[in-house]
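Residue numbers (my numbering), protein chains in the order written: chain D, 22 to 321; chain X, 216 to 485.
Everything on this sheet refers to the single structure shown next.
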């Protein structure tokens, strides 16, 4: 095992902090090896109850492996995990009845209609939601009698979400729920997630869409090469909240730019130098995409 | 948050749900209905129309074939059906999804057993109806029905367990189908299904004797053929004791393999 001692990750829980039994999810030193590679390489994380947490990272960064360990679908090679106070490796029926899972691969093919699938799924849980209401919530009421394979990609994914929430989970895992959605379907999906938040569901979402994380998540964790590199609220990720602004303008026929912590004063100064409008004036702050690309591009 | 916990659904209620799901999944899929249910029916009608030989004691081909084709029907409803469909459910993520829910795992397997029973009984009833009304076969009488019931049940149990095991070895339903279908056909030829077992070369008889299909067919011949024809069996009798023993052994082997190998997701995904 070649795990080097974890450096302090900005915003993340320190590895020496004890597991938090009251958190929805509490993870310390999580490791999963595939061959001689650590797909997950020492992740420490606490997710509060009621929180929407987005795990962001490129393909192969360890998002799905991490989430599937938390769901109880994969083994871990090291570390401690508590999900709703229970080690997922030993999660029993009672534990599973508090959890909803939307797998990256979806729920499989079936000859059953949407409503029949939801009714069957509901029958496994002690306190399910009304299947018809759930169909309504995901906007598939008019597809109640349709079989899965007649649905479009976006409808199919909403059916997966419906199957994930019909058991009235306290914690919902969503692994890349909107991959392949058109922008309209993605917006509809976001409002579905917001309405679930209103109902008090904790959610762990993986995505590689930055706008999705920014739109939905209370906090974002960026994972790359199996490690969390930062945990923060979306507006502050990568020091975005306090990063210097960049002012662009054109002077003497050349494009000019300057970094400044006080863009208002800087622009006022510029305005005084020019008789009229400052040519091509623009003030920019790093976008989530800028800081994200910088983070995942960092060499080891 | 309220802490009053509602009781988990009973095993019985989940089994009822699973049984309903399994029956819909089977009977709504045209391929599986044609492949599993109608394949033996078509064979019976086609071969019954072509082949015509007298086995003595007033036994014509359809009367002889009845035992074999029912064994083929049970084999298809259990081994082939389980191998192909469970492999499909594993590769498309159905099993993984189910294993993440609080469904008791036993309910899944009981649901499969209900499906196998329903398909096997439907196949047997259709074959018997065709046998009686198209070919005028003589139905079993008295204690023969009892033999019919235990041979069919024990054979179906052994083949269901083996089918579940085979599903785990296959990569997906297509590869399961491509592996199991030719093997089934070969076994059918060497197990005395299409032609009298004593016409099968001895070394092939020996190979056939290792697998459950031969013993199902032999047990069922004791049901559909007059006792005199027992003399045409290689052993000189229908060997019902040995039929029970071999099928019972396959149940034990199948159960052990099943329990040891069954996976809820594809290889390498855990």
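Even glycine gets a Cβ: it sits at the ideal position worked out from N, Cα and C.
* alpha helix (DSSP H) runs contained entirely in the stretch 414 to 441 of chain X, provided each spans 4 or more residues -> If we require 4 residues or more, the alpha helix (DSSP H) runs fully inside the stretch 414 to 441 of chain X come out as 417 to 423 and 427 to 439.
* Where does residue 172 of chain D sit, in a helix, a strand or coil, going by DSSP? -> Reading the first chain from its first residue, position 151 is the one you call residue 172 of chain D. In this structure, residue 172 of chain D counts as coil in the three-state DSSP scheme.
* Do residue 259 of chain D and residue 309 of chain D have their CB atoms nearer than 9 Å? -> Along the first chain, read from residue 1 onward, the residue named residue 259 of chain D stands at position 238. Along the first chain, read from residue 1 onward, the residue named residue 309 of chain D stands at position 288. Cβ atoms of residue 259 of chain D and residue 309 of chain D: closer than 9 Å.
* Looking only at DSSP bridge pairs, what is residue 67 of chain D linked to? -> Counted from its first residue, the first chain places residue 67 of chain D at position 46. According to DSSP, residue 67 of chain D bridges with D/47.
* To do: Under the assumption that residue 168 of chain D contacts residue 132 of chain D (Cβ atoms under 8 Å), give the Cβ distance between them as a whole number of angstroms.
  => For the purposes of this step, residue 168 of chain D is taken as residue 147 along the first chain, with counting starting at 1. For the purposes of this step, residue 132 of chain D is taken as residue 111 along the first chain, with counting starting at 1. The beta-carbon distance between residue 168 of chain D and residue 132 of chain D, rounded to whole angstroms, is 6 Å. This is short enough to meet the 8 Å contact definition.
* Test: residue 47 of chain D CB closer than 9 Å to a CB of chain X -> Mapped onto the first chain, residue 47 of chain D falls at position 26. Chain X, which has no Cβ nearer than 9 Å to the Cβ of residue 47 of chain D, makes this no.
* How about the stretch 73 to 85 of chain D and the stretch 225 to 232 of chain D: do they share at least three Cβ pairs that are nearer than 8 Å? -> yes
* To do: List the residues of chain X that residue 117 of chain D touches, going by C-beta distances under 7 Å, in chain order.
  => Locating residue 117 of chain D in the first chain gives position 96, where the first residue counts as 1. Those are 315, 316 and 317, listed as they occur along chain X.
* Three-state secondary structure assigned by DSSP to residue 35 of chain D -> Mapped onto the first chain, residue 35 of chain D falls at position 14. DSSP places residue 35 of chain D in coil when its eight states are reduced to three.
* Leaving aside the five residues before and after residue 24 of chain D along the sequence, list all residues of the same chain whose C-beta is less than 7 Å from its C-beta, in chain order. => Looking up residue 24 of chain D in the first chain gives position 3. In this predicted model, residue 24 of chain D has a pLDDT of only 46, less than 50, meaning its place in the structure is not dependable; the value taken from the coordinates is given anyway. The residues are 52, 59, 62 and 63.
* Helix, strand or coil at residue 62 of chain D [DSSP, three-state] -> For the purposes of this step, residue 62 of chain D is taken as the residue at position 41 of the first chain. The answer is strand: DSSP assigns residue 62 of chain D an E or B state.
* Going by DSSP, name the residue or residues bridged to residue 55 of chain D. => Mapped onto the first chain, residue 55 of chain D falls at position 34. Per DSSP, D/58.
* Asked: Does the Cβ of residue 226 of chain X have 16 or more other Cβ atoms within 10 Å, making it buried, or fewer, making it exposed?
  -> For the purposes of this step, residue 226 of chain X is taken as the residue at position 11 of the second chain. Under this definition residue 226 of chain X is an exposed residue.
* **Three-state class that DSSP yields for residue 118 of chain D in the structure shown** => Taking the first residue of the first chain as position 1, residue 118 of chain D is located at position 97. In the structure shown, residue 118 of chain D falls within a coil segment according to DSSP collapsed to helix, strand and coil.
* To do: Output yes if chain X places a C-beta closer than 9 Å to the C-beta of residue 124 of chain D; else output no.
  => The residue you call residue 124 of chain D lines up with position 103 of the first chain. Yes, residue 124 of chain D lies at the interface with chain X (some Cβ there is under 9 Å from its Cβ).
* CA-CA distance, residue 380 of chain X and residue 363 of chain X? -> As a working mapping, residue 380 of chain X is identified with position 165 in the second chain. As a working mapping, residue 363 of chain X is identified with position 148 in the second chain. Computed Cα separation, rounded: 26 Å.
* For residue 188 of chain D and residue 145 of chain D, the rounded distance between their alpha carbons -> Walking along the first chain from the start, residue 145 of chain D turns up at place 124. Walking along the first chain from the start, residue 188 of chain D turns up at place 167. Per the coordinates, the alpha-carbon of residue 145 of chain D lies some 8 Å from the alpha-carbon of residue 188 of chain D.
* Can you check the stretch 222 to 291 of chain X for any alpha helix (DSSP H) of at least 4 residues that lies completely inside it and give the ranges in chain order? => 226 to 242, 254 to 265 and 276 to 290
* Count the other CB atoms within 10 Å of the CB of residue 295 of chain X; is the residue buried (16 or more) or exposed (fewer)? -> The residue you call residue 295 of chain X lines up with position 80 of the second chain. Burial call: buried.
* To do: State yes or no: is the beta carbon of residue 216 of chain X nearer than 9 Å to at least one beta carbon in chain D?
  => Position 1 of the second chain, counted from the first residue, corresponds to residue 216 of chain X. Per-residue confidence for residue 216 of chain X stands at a pLDDT of 49, beneath the threshold of 50, marking its modelled position as unreliable; the derived number appears in the next sentence. It does; some Cβ of chain D falls within 9 Å.
* chain D partners of residue 304 of chain X, CB-CB under 9 Å? -> Looking up residue 304 of chain X in the second chain gives position 89. Close to residue 304 of chain X, with beta-carbon spacing below 9 Å, are these residues of chain D in chain order: 129 and 130.
* **Close Cβ partners of residue 161 of chain D (< 7 Å) along its chain, the five nearest in sequence each way excluded** => Sequence index remark: in the first chain, residue 161 of chain D carries index 140 (1-based). Excluding positions up to five away in sequence, the list reads 135, 176, 179, 180 and 183.
* Could you tell me which chain D residues have their CB closer than 9 Å to the CB of residue 226 of chain X, listed as they occur along the chain? => Translated into positions along the second chain, residue 226 of chain X becomes position 11. Neighbours of residue 226 of chain X on chain D: none; closest Cβ ~10 Å, over 9 Å.
* Does any C-beta atom of chain X lie closer than 9 Å to the C-beta of residue 141 of chain D? -> For the purposes of this step, residue 141 of chain D is taken as residue 120 along the first chain, with counting starting at 1. It does; some Cβ of chain X falls within 9 Å.
* **Buried versus exposed, by CB contacts within 10 Å (16 or more), residue 154 of chain D** => To locate residue 154 of chain D, count along the first chain from 1; it is residue 133. Under this definition residue 154 of chain D is an exposed residue.
* To do: Tell me, please, whether the CB atom of residue 83 of chain D is closer than 9 Å to any CB atom in chain X?
  => As a first step, residue 83 of chain D is located in the first chain; it is residue number 62 there, counting from the start. Residue 83 of chain D does not count as touching chain X.
* Asked: With 16 as the cutoff for other CB atoms within 10 Å, does residue 321 of chain D come out buried or exposed?
  -> Locating residue 321 of chain D in the first chain gives position 300, counting from the first residue. Here residue 321 of chain D scores only 40 on pLDDT, less than 50, and its place in the model should not be relied on; the value that follows carries that caveat. Classification of residue 321 of chain D: exposed, given that the 10 Å Cβ count is below 16.
* In the structure shown, what three-state DSSP assignment does residue 11 of chain D receive? -> This structure cannot settle anything about residue 11 of chain D, because the visible part of chain D is limited to 22 through 321.
* Asked: Between residue 22 of chain D and residue 89 of chain D, what straight-line distance do the alpha-carbon atoms span, to the nearest angstrom?
  -> Within the first chain, the letter at position 1 stands for residue 22 of chain D. Within the first chain, the letter at position 68 stands for residue 89 of chain D. The predicted model places residue 22 of chain D with a pLDDT of 43, which falls under 50 and marks its position as unreliable, so this point remains unresolved.
* Report, in whole angstroms, the separation of the C-beta atoms of residue 406 of chain X and residue 428 of chain X, which I expect to be a contact under 8 Å. => Looking up residue 406 of chain X in the second chain gives position 191. Looking up residue 428 of chain X in the second chain gives position 213. Rounded, the Cβ-Cβ distance is 5 Å, consistent with contact.
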